[in-house]
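Notes follow the structure.
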Amino acid sequence: MKFFVDTANLSQIQEAHDLGILDGVTTNPSLMAKEGITGEQAVLDHYAKICDIVDGDVSAEVISTDFEGMIKEGEILSEIAPNIVVKVPMIQEGIKAISYFTRKGIRTNCTLVFSAGQAILAAKAGATYVSPFIGRIDDISWDGMQLIKDIAEIYAVQLFDTEILAASVRNPLHIVDSAKNGADVVTCPLNAILGLLNHPLTDIGLAKFLADHKKANG
Ligand code: E4P
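Residues in the sequence shown are numbered consecutively from -10, following this note's numbering.
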C-alpha cells in the first residue's frame, strides 16, 4: 500500500518525505487555503514547490465545476510537473472531464466519493485513483471502511485498474484497516502516519535497553 500525505504544508511534506516512506501527496482547496495560498499563480507555484520535494504523485484539485473550466484548469495543472495528478470532483461534469483526461493521457484522482456506485463510474471513466472519504462517512455514523471493502471487491471482480485511495483518514487505525481491506493507497495527515510509531512496550523496552547498557558501561 502506498502512503500519501494529505496536506499542502511544505514542512510536513518534507518531514514525511524524510521518513523515506512517502509515495505522494494529496491536497485540496481547503488545505491550500489553510496554508494561506491564494491567487491562481500562487497556487500553481505552490504545487511546483511540492513537486520539487516529492517524486511520487501529487494531486492538484480543479475548482471549476463545468467541463470546459475543468479541462482548462487540468491542462494547466498537468503541465506543472510530470507527477501532477488532476483531482476532479465526483459530479456529472467531473466524469466527463475524467473521460476526456483519460483519452488525453492525463492522470486523474476522482475525489469526494461516498458510494460504490460513484466508484464504479470513476473507474469506467478511467480515473487513475478513486478517493472514498472514509472519515467523513464515519463522521455521520456510517461505516467508511465498509465502502473501501465494497470498492475493493467490485474492482477485483470487474478487473478495474483504478487505484483505491483511502482518503479523509483521521487516525492510525484507519491506516491499518485500509491496508487490511484492499486500499492501494492511503492519504493521511502527518500525525496519523506518525501515530503508527507509537506503542508503550516499545518505549518501555527501549528505556530498559538503554538503562542496562548504561549500567554495564558506566
Ligand atoms: C483527500 O484527498 C482529501 O484531501 C482529504 O483526505 C479530505 O480529508 P478530510 O475529510 O479530513 O477533510
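For glycine and all other residues, C-beta sits at the position ideal for the given N, C-alpha and C. Being a predicted model, the structure only gives us computed values, none of them experimental.
Nearest candidate by alpha-carbon position, reference residue 102, set 186, 133, 95: On the sequence shown, residue 102 is found 113 positions in, with the first residue counted as 1. Nearest C-alpha to residue 102: 133.
Heavy atom of the ligand E4P less than 7 Å from the Cβ of residue 127, yes or no? Locating residue 127 in the sequence shown gives position 138, where the first residue counts as 1. The ligand E4P has no heavy atom closer than 7 Å to the beta-carbon of residue 127.
Output yes or no for whether 8 Å exceeds the beta carbon distance between residue 105 and residue 148. Within the sequence shown, numbered from 1, the residue matching residue 105 stands at position 116. Within the sequence shown, numbered from 1, the residue matching residue 148 stands at position 159. The Cβ atoms of residue 105 and residue 148 do not sit closer than 8 Å to each other.
So does residue 186 have its beta carbon nearer than 7 Å to some heavy atom of the ligand E4P? Locating residue 186 in the sequence shown gives position 197, where the first residue counts as 1. Incorrect: residue 186 has no Cβ contact closer than 7 Å to the ligand E4P.
Alpha carbon to alpha carbon, what distance is there between residue 183 and residue 83? Numbered from its first residue, the sequence shown carries residue 83 at position 94. Numbered from its first residue, the sequence shown carries residue 183 at position 194. Spanning the two alpha carbons is a distance of roughly 34 Å.
Below 7 Å, is the gap between the Cβ of residue 156 and the nearest heavy atom of the ligand GDP? Only the ligand E4P can be found as ligands here, which leaves the ligand GDP out of the picture.
Using CA coordinates, which residue listed in 44, 43, 22 is at the minimum distance from residue 50? Counting from 1 along the sequence shown, the entry for residue 50 is found at position 61. In terms of CA proximity to residue 50, 22 leads the group 44, 43, 22.
If you follow the beta strand (DSSP E) that residue 86 is in, where does it begin and where does it stop? Translated into the one-based positions of the sequence shown, residue 86 becomes position 97. Premise fails: residue 86 lies in the alpha helix (DSSP H), 81 to 93, not in any beta strand (DSSP E).
At 3 residues or longer, and completely inside the segment 120 to 169: list those beta strand (DSSP E) runs for me, N to C. Taken in chain order, the complete beta strand (DSSP E) segments of 3 or more residues contained in the segment 120 to 169 are 152 to 155.
Helix or strand or just coil, what does DSSP make of residue 53? The sequence position of residue 53 within the sequence shown is 64, counting from 1. Judged by DSSP in its simplified three-state form, residue 53 adopts coil rather than helix or strand.
Residue -7 lies in the beta strand (DSSP E); which residues open and close that run? Taking the sequence shown and counting its residues from 1, one reaches residue -7 at position 4. In the DSSP assignment, residue -7 falls within the beta strand (DSSP E) that extends over -9 to -5.
Would you say residue -5 touches the ligand E4P, meaning its beta carbon is less than 7 Å from a heavy atom? Here residue -5 refers to the residue found at position 6 when the sequence shown is read from its first residue. It does: the Cβ of residue -5 is within 7 Å (strictly closer) of some heavy atom of the ligand E4P.
Going by alpha carbons, who is nearest to residue 45 out of -6, 131, 85? Walking along the sequence shown from the start, residue 45 turns up at place 56. Comparing Cα positions, the closest option is -6.
If you check the beta carbons only, do residue 157 and residue 124 fall under 8 Å apart? As a position in the sequence shown, residue 157 is number 168, starting the count at 1. As a position in the sequence shown, residue 124 is number 135, starting the count at 1. Less than 8 Å divides the Cβ of residue 157 from the Cβ of residue 124.
Measure the beta-carbon distance from residue 98 to residue 141 and round it to whole angstroms, keeping in mind my assumption that it falls under 8 Å. Translated into positions along the sequence shown, residue 98 becomes position 109. Translated into positions along the sequence shown, residue 141 becomes position 152. Wrong, their Cβ atoms sit about 17 Å apart, outside the cutoff.
Any chance the CB of residue 17 is under 7 Å from a heavy atom of the ligand E4P? The residue labelled residue 17 in the question sits at position 28 within the sequence shown. Residue 17 Cβ: within cutoff of the ligand E4P.
Supposed close pair residue 179, residue 5 - CB separation, criterion 8 Å: The residue you call residue 179 lines up with position 190 of the sequence shown. The residue you call residue 5 lines up with position 16 of the sequence shown. Contact holds; Cβ gap of about 5 Å.
To the nearest angstrom, report how far apart residue 127 and residue 185 are at their CA atoms. Here residue 127 is taken as the residue at index 138 of the sequence shown, counted from 1. Here residue 185 is taken as the residue at index 196 of the sequence shown, counted from 1. Approximately 20 Å, taken between the alpha carbons.
Which same chain residues end up closer than 7 Å to residue 89 when comparing Cβ atoms and leaving out the 5 residues on each side of it in sequence? Position 100 of the sequence shown, counted from the first residue, corresponds to residue 89. These residues qualify, in order along the chain: 60.
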